[in-house]
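Remarks on the structure that follows.
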Amino acid sequence: MSDSELSDASHGDEKLPPECWQLIFKHIKEEDLKTVSLVCKNFLAYSNLIKESLDVIHPNVKMLSQHLKRFTQLKTLFLTHFQGDFNEALCEIARSGITLEAFHSLHRIFGPSTIMIKIESLRELGSNPNRNKLKVLSCDWMSNLPDNDLVVIANSFANLEELTLKGKFAEGNSPLKFPSYTDKGIESLASKLKLLKRIHLYGRDMNGVSDESVVALSMNCAFLGDFTIIIEGNHGVTEHGIGLLLRNRPNLETLCIGYIKNYSSQITIANSIRHAKALTYLWLCAMQVSDELLMTIAEAIKLPLELTIVHCKGYTVLGLLSVLSNCLTQFDTALSNFLDEDIKFLFNKDAGQLTQINISECQVTSSTFFQLLTKCCSLQHIRMESATLDVVGENNIPLPKYHKIKIFRLESGNISDELVKQFGFMFPNLEVLELSLCQGVTIQGIEAILKSCKVIRKLILESYQKTVIIKSNSDLPKVGLKVLKLATSCIDNEGLDAISKKCPQLLSVDLDHCKKVTTEGIKQMVEDNKTLRKLKVRNCDLVDYGDLLEWKLSRANLASLKKLCLGKGKFSKEQRDQFLHHGCLLVE
Numbered sequence: 001m002s003d004s005e006l007s008d009a010s011h012g013d014e015k016l017p018p019e020c021w022q023l024i025f026k027h028i029k030e031e032d033l034k035t036v037s038l039v040c041k042n043f044l045a046y047s048n049l050i051k052e053s054l055d056v057i058h059p060n061v062k063m064l065s066q067h068l069k070r071f072t073q074l075k076t077l078f079l080t081h082f083q084g085d086f087n088e089a090l091c092e093i094a095r096s097g098i099t100l101e102a103f104h105s106l107h108r109i110f111g112p113s114t115i116m117i118k119i120e121s122l123r124e125l126g127s128n129p130n131r132n133k134l135k136v137l138s139c140d141w142m143s144n145l146p147d148n149d150l151v152v153i154a155n156s157f158a159n160l161e162e163l164t165l166k167g168k169f170a171e172g173n174s175p176l177k178f179p180s181y182t183d184k185g186i187e188s189l190a191s192k193l194k195l196l197k198r199i200h201l202y203g204r205d206m207n208g209v210s211d212e213s214v215v216a217l218s219m220n221c222a223f224l225g226d227f228t229i230i231i232e233g234n235h236g237v238t239e240h241g242i243g244l245l246l247r248n249r250p251n252l253e254t255l256c257i258g259y260i261k262n263y264s265s266q267i268t269i270a271n272s273i274r275h276a277k278a279l280t281y282l283w284l285c286a287m288q289v290s291d292e293l294l295m296t297i298a299e300a301i302k303l304p305l306e307l308t309i310v311h312c313k314g315y316t317v318l319g320l321l322s323v324l325s326n327c328l329t330q331f332d333t334a335l336s337n338f339l340d341e342d343i344k345f346l347f348n349k350d351a352g353q354l355t356q357i358n359i360s361e362c363q364v365t366s367s368t369f370f371q372l373l374t375k376c377c378s379l380q381h382i383r384m385e386s387a388t389l390d391v392v393g394e395n396n397i398p399l400p401k402y403h404k405i406k407i408f409r410l411e412s413g414n415i416s417d418e419l420v421k422q423f424g425f426m427f428p429n430l431e432v433l434e435l436s437l438c439q440g441v442t443i444q445g446i447e448a449i450l451k452s453c454k455v456i457r458k459l460i461l462e463s464y465q466k467t468v469i470i471k472s473n474s475d476l477p478k479v480g481l482k483v484l485k486l487a488t489s490c491i492d493n494e495g496l497d498a499i500s501k502k503c504p505q506l507l508s509v510d511l512d513h514c515k516k517v518t519t520e521g522i523k524q525m526v527e528d529n530k531t532l533r534k535l536k537v538r539n540c541d542l543v544d545y546g547d548l549l550e551w552k553l554s555r556a557n558l559a560s561l562k563k564l565c566l567g568k569g570k571f572s573k574e575q576r577d578q579f580l581h582h583g584c585l586l587v588e
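Residue numbering for the sequence shown is 1 to 588, as defined by UniProt numbering.
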C-alpha cells in the first residue's frame, strides 16, 4: 500500500458523521474494540460511546470512577466480582451521570474485609434522577438486606421490571448476625413496584417469609410473568400460597419453586394449576409432586411446556407419561427409583415435541436408550447418568444419524471406546460432549469422536483416568475446541502438550485437582495457547503457585489470559492488584 493510500485511510473517519461510525462499531466484537480504539483518537471516542456493559473487577473505587467517566453510555453494570468498598462504589455510581437500566451486585458477607451495606449508600443510589430508568436489579447474597433496604428499593426504583433478592439469616457460629428481609419488606415492594414482571427470591432459614409475600406479589403486580421462590430450611411458604399465585396471575409464564411446604389446605398447586393458561416453564425442586398434579398439568396446559423435576417425591411413571404425551418440550428429572423398565414404558409412544431430556440417577440400558432416540425425533440435548450401554448392532449394519442432537452428556457411564465411536457417527453435529467418570473411555474413543464431530466446542472429561486424551503425533487434525474440563483427571504434562498442539483455539481450561500436572506443564500450555482466556488450576499438588504467578507477570505477551483460578491462600492482595493492572483477575 502506498503512502498516499495510508494517508487517505487515516483520514477516512472525517468523511462519515460520528453516528455512522458508532453504528459500525456496534457490530465489532468487544474483544476486538481494544485494537480498533488504538487507531486514532476518534476511534477511541467512538468505542467508548458504544460500550453499554461493564463488569467491574478492580477493587479501587477510583478506577471505577474513571470507567464511569469514560463510558458514558453504560446501561448495564456488574459488581459481581468487585472486592473493594461496596458502599463507596454505590455512592460513586450514584454521583455519576450514567443512566443505568440494569445493576447486578454480589456482596460477599464474610471475611476480614467485610463491609456492611449502609442504607444511606442504597438511598443515595436511588436518589439520582437517572436511576428512574433502572429496570433490572439483582442483589445476590447481600445478606444484610433487611426490610428497611427493601423499602428504599421500593421507593427509589419505581420502574423496576426484574428483581432478584438472595438472603440468609446468619446465626450459630457465623461471624455476623443480622436479619434478612421478611413479609413486611416484600409487601412494601409489591405495593410500589407496579411494573414488576420478574421476581426471584432465594435464601435459607428465612422464617419471616411466608405465603403472605407470595400473595402480596400476586395481588399487586399485574404484569408478573416470571416468579421464583427457593428457600431452603425454615420458612413459611406453602402450597396454599403458590396456589393463590396461580389463581391471581393467570398470565404467569415461568414458575420455579423449591422446598415448598405441603400443609393441608383446600387450595393446592394441583387444583390451581389450570388457572395458569400461559405457563411454558415449570421447575419443581425438593417437594411433593403427585400424579394428580402431573395429570392436571397435562390436561390444563395447552402451550408447549418445559418441565424440570429435581429431587421430588410422590409421583410415578404414570404421572410423567401423561405430561410427556401432551405438552412437554423439555423433560428433566433426577430420580433414583426409576428403573429401566419405567423409562422404556415412558418412551413407548412418540414424543416428537421433546427437545431436551435428563434422566440422571436412573439405570438405563442400551435398548431403552436407542428407543428414546427413535421416539424423540426432535431431541437436541441428552443428559444421562449411570447408564450401561453396549455397541449397537453388527459392523455391517449402517447406523442411523441424529443430526439435531447438539449436546450429549453422560456421567458415570459403563461404555467402551467402540460405543464412543458410534456416538460420533450417530451425532455428527455435536457441540457439547461430556464423558465424565466413564472409566472405559480412552484415547481411541476420544480421537474418533473428535474426528467425526467437527463442530464440538466443549469437551468435559472430569475424573478421566488416563494421562493423555489425544496424542500429539496422531492423524487427528487440529480441532476447534473452545472449552475443556479435565478436573480431577490423571492428565499429565505430556497430555497438556498434546492438547496445546491439537486444540489451538481453547478459551477455557479446567485443571482443578489434577495431581500430575506441574508448574512447567502449565507454563508451556499457557505459552502455547495464545487464545486462552480462563484457566483453573486449584489444588494441583505439583504446581508452585508463587513461581507460576511470577512467571506470568514477567510475560507481557501473555495478555490473553483474563481469569486465573488458583485456590484459597495462593496469592496476596498485592499480586491480585498487579494482575488486575494487566487485565487478569485472580480468583480463589
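The beta-carbon is built from N, C-alpha and C at its ideal position, and this holds for glycine as well.
#1: Restricting to Cα atoms, I'd like to know which of H403, T388, P428 and N429 is closest to L410.
#2: Suppose the cutoff is 6 Å on Cβ atoms and the five residues either side in sequence are ignored; what does the same chain contact list for R457 look like?
#3: Enumerate in chain order the residues of its own chain whose CB-to-CB distance from E385 is below 7 Å, with the five nearest sequence positions on each side excluded.
#4: Does DSSP classify G203 as helix, strand or coil?
#5: Is it right to say V455 is buried, meaning 16 or more other beta carbons lie within 10 angstroms of its own, or is it exposed?
#6: How many Å lie between F82 and K573 at the Cα?
#7: Near W283, which residues of its chain fall below 6 Å by C-beta distance, leaving aside the five closest residues on each side in sequence?
#8: Whole-angstrom Cβ separation of S105 and C139, contact assumed at under 8 Å?
#9: Taking the C-alpha atoms as reference points, what is the distance between D3 and L433?
#10: Determine the closest residue to I58 out of K562, K570, G569 and H240, with distance taken between C-alpha atoms.
#11: Quick one: which unbroken beta strand (DSSP E) runs of 3-plus residues sit fully inside the segment 290 to 350? Chain order, please.
#12: Does DSSP put L195 in a helix, in a strand, or in coil?
#13: Does the Cβ of Q73 have 16 or more other Cβ atoms within 10 Å, making it buried, or fewer, making it exposed?
#14: So, helix, strand or coil for H58, using DSSP?
#15: Whole angstroms is fine: what's the gap from D492's alpha carbon to V517's?
#16: Could you check what DSSP says for G111 in three-state terms: helix, strand or coil?
#17: Smallest Cα separation from I161: which of S65, E187, K133 and N148?
#18: What's the call for T238, buried or exposed, on a 16-neighbour Cβ count within 10 Å?
#19: With 16 as the cutoff for other CB atoms within 10 Å, does Y46 come out buried or exposed?
#20: Rounded to the nearest angstrom, what separates W21 and T76 at their Cα positions?
#21: When we look at the beta-carbon of E92 and count the other beta-carbons within 10 Å, is it buried (16 or more) or exposed?
#22: To the nearest angstrom, how far is it from the Cα of C514 to the Cα of I470?
#23: Taking 9 Å as the cut-off, decide whether the C-beta atoms of L189 and L224 are in contact.
#24: Tell me which residue opens and which closes the beta strand (DSSP E) that N42 is part of.
#25: For the candidate residues E187, H403 and V537, whose alpha-carbon lies nearest to that of N148?
#26: What do you reckon, are the CB atoms on L44 and S53 nearer than 9 Å?
#27: Figure out for me which residue from K401, H240, N539 and I50 has the closest Cα to the Cα of F25.
#28: C376 lies in the alpha helix (DSSP H); which residues open and close that run?
#29: Helix, strand or coil: which one does DSSP assign to D140?
#30: I believe Y315 touches D291 by the beta-carbon criterion, under 8 Å. Please report the beta-carbon distance rounded to the nearest angstrom.
#31: Since E462 and S436 should fall inside the 8 Å C-beta cutoff, what is the C-beta to C-beta distance between them, to a whole number of angstroms?
#32: Nearest by alpha-carbon distance to P18: which of K41, K29 and T35 is it?
#33: Mapping DSSP to helix, strand and coil, what is C20?
#34: By Cβ distance below 7 Å, which residues in the same chain neighbour K34 in space, the five residues on each side in sequence not counted?
#35: Give every residue of the same chain whose Cβ lies closer than 7 Å to the Cβ of residue 589, excluding the five residues on either side of it in the sequence, and list them in chain order.
Taking the structure as given:
#1: Taking the sequence shown and counting its residues from 1, one reaches residue 410 at position 410. The candidate whose alpha carbon is nearest that of L410 is T388.
#2: Stepping through the sequence shown from its first residue, residue 457 is reached at position 457. Within the same chain, Cβ atoms closer than 6 Å to the Cβ of R457 are found at E431 and K482, the five residues on either side in sequence being excluded.
#3: As a working note, residue 385 is residue 385 in the sequence shown. So the qualifying residues of the chain are S360, E361, E411 and S412.
#4: Indexing the sequence shown from 1 puts residue 203 at position 203. Residue state, collapsed to three classes: strand.
#5: Position 455 of the sequence shown, counting from 1, holds the residue named residue 455. Exposed, by the Cβ-count rule.
#6: Position 82 of the sequence shown, counting from 1, holds the residue named residue 82. Position 573 of the sequence shown, counting from 1, holds the residue named residue 573. Going by the C-alpha atoms only, they are around 13 Å apart.
#7: Here residue 283 is taken as the residue at index 283 of the sequence shown, counted from 1. Within the same chain, W283 has close Cβ partners C256 and T308.
#8: Your numbering for residue 105 matches position 105 in the sequence shown. Your numbering for residue 139 matches position 139 in the sequence shown. Confirmed, Cβ separation roughly 6 Å.
#9: As a first step, residue 3 must be located in the sequence shown, where it is residue number 3. As a first step, residue 433 must be located in the sequence shown, where it is residue number 433. With a pLDDT of 40 at D3, under the threshold of 50, the modelled position of that residue is not reliable, and no figure is offered here.
#10: If you number the sequence shown from 1, residue 58 lands on position 58. Strictly speaking, residue 58 in this sequence is His, with Ile absent from that position. Here the closest residue by C-alpha is K562.
#11: Within the segment 290 to 350, the complete beta strand (DSSP E) runs of at least 3 residues are 305 to 310 and 328 to 334.
#12: Start at 1 with the first residue of the sequence shown, and residue 195 comes out as number 195. Here L195 sits in coil by DSSP.
#13: Counted from its first residue, the sequence shown places residue 73 at position 73. Exposed, by the Cβ-count rule.
#14: Taking the first residue of the sequence shown as 1, we reach residue 58 at position 58. Correct three-state label for H58: coil.
#15: Taking the first residue of the sequence shown as 1, we reach residue 492 at position 492. Taking the first residue of the sequence shown as 1, we reach residue 517 at position 517. Cα-Cα distance, rounded: 5 Å.
#16: As a first step, residue 111 is located in the sequence shown; it is residue number 111 there, counting from the start. Low confidence applies to G111: its pLDDT is 40, below 50, so where it sits in the model is not reliable enough to give any reading.
#17: In the sequence shown, the residue the question calls residue 161 occupies position 161. Checking the sequence shown, residue 161 turns out to be Glu, not Ile. Taking only the C-alpha atoms, the option nearest E161 is K133.
#18: The residue labelled residue 238 in the question sits at position 238 within the sequence shown. With 16 or more Cβ atoms within 10 Å of its Cβ, T238 is classed as buried.
#19: Within the sequence shown, residue 46 is the residue found at index 46, counting from 1. With 16 or more Cβ atoms within 10 Å of its Cβ, Y46 is classed as buried.
#20: By 1-based counting over the sequence shown, the position of residue 21 is 21. By 1-based counting over the sequence shown, the position of residue 76 is 76. Approximately 22 Å, taken between the alpha carbons.
#21: The sequence position of residue 92 within the sequence shown is 92, counting from 1. So E92 ends up on the buried side.
#22: Indexing the sequence shown from 1 puts residue 514 at position 514. Indexing the sequence shown from 1 puts residue 470 at position 470. About 17 Å.
#23: Within the sequence shown, residue 189 is the residue found at index 189, counting from 1. Within the sequence shown, residue 224 is the residue found at index 224, counting from 1. The answer is no: Cβ separation not under 9 Å.
#24: Within the sequence shown, numbered from 1, the residue matching residue 42 stands at position 42. Under the DSSP assignment, N42 falls outside any beta strand (DSSP E), being part of the alpha helix (DSSP H) whose first and last residues are K41 to I50.
#25: Position 148 of the sequence shown, counted from the start, is the residue given in the question as residue 148. Nearest option by C-alpha distance: E187.
#26: For the purposes of this step, residue 44 is identified with residue 44 of the sequence shown, where counting begins at 1. For the purposes of this step, residue 53 is identified with residue 53 of the sequence shown, where counting begins at 1. Not in contact: L44 and S53 (Cβ atoms no closer than 9 Å).
#27: The residue given as residue 25 occupies position 25 in the sequence shown. Ranking K401, H240, N539 and I50 by Cα distance to F25 puts I50 first.
#28: For this step, residue 376 is matched to residue 376 along the sequence shown. No alpha helix (DSSP H) holds C376; DSSP gives it neither H nor E.
#29: Here residue 140 refers to the residue found at position 140 when the sequence shown is read from its first residue. Of the three classes helix, strand and coil, the one that applies to D140 here is strand, per DSSP.
#30: For the purposes of this step, residue 315 is taken as residue 315 along the sequence shown, with counting starting at 1. For the purposes of this step, residue 291 is taken as residue 291 along the sequence shown, with counting starting at 1. Confirmed, Cβ separation roughly 5 Å.
#31: By one-based count along the sequence shown, residue 462 stands at place 462. By one-based count along the sequence shown, residue 436 stands at place 436. Yes, E462 and S436 are in contact; Cβ-Cβ is about 4 Å, under 8 Å.
#32: One-based indexing of the sequence shown puts residue 18 at position 18. For the residues K41, K29 and T35, the minimum Cα distance to P18 belongs to K41.
#33: Sequence index remark: in the sequence shown, residue 20 carries index 20 (1-based). It is helical.
#34: Taking the first residue of the sequence shown as 1, we reach residue 34 at position 34. Cβ within range, chain order: n/a, list empty.
#35: Within the shown structure, residues of the chain are numbered from 1 to 588, placing residue 589 beyond reach of any answer.
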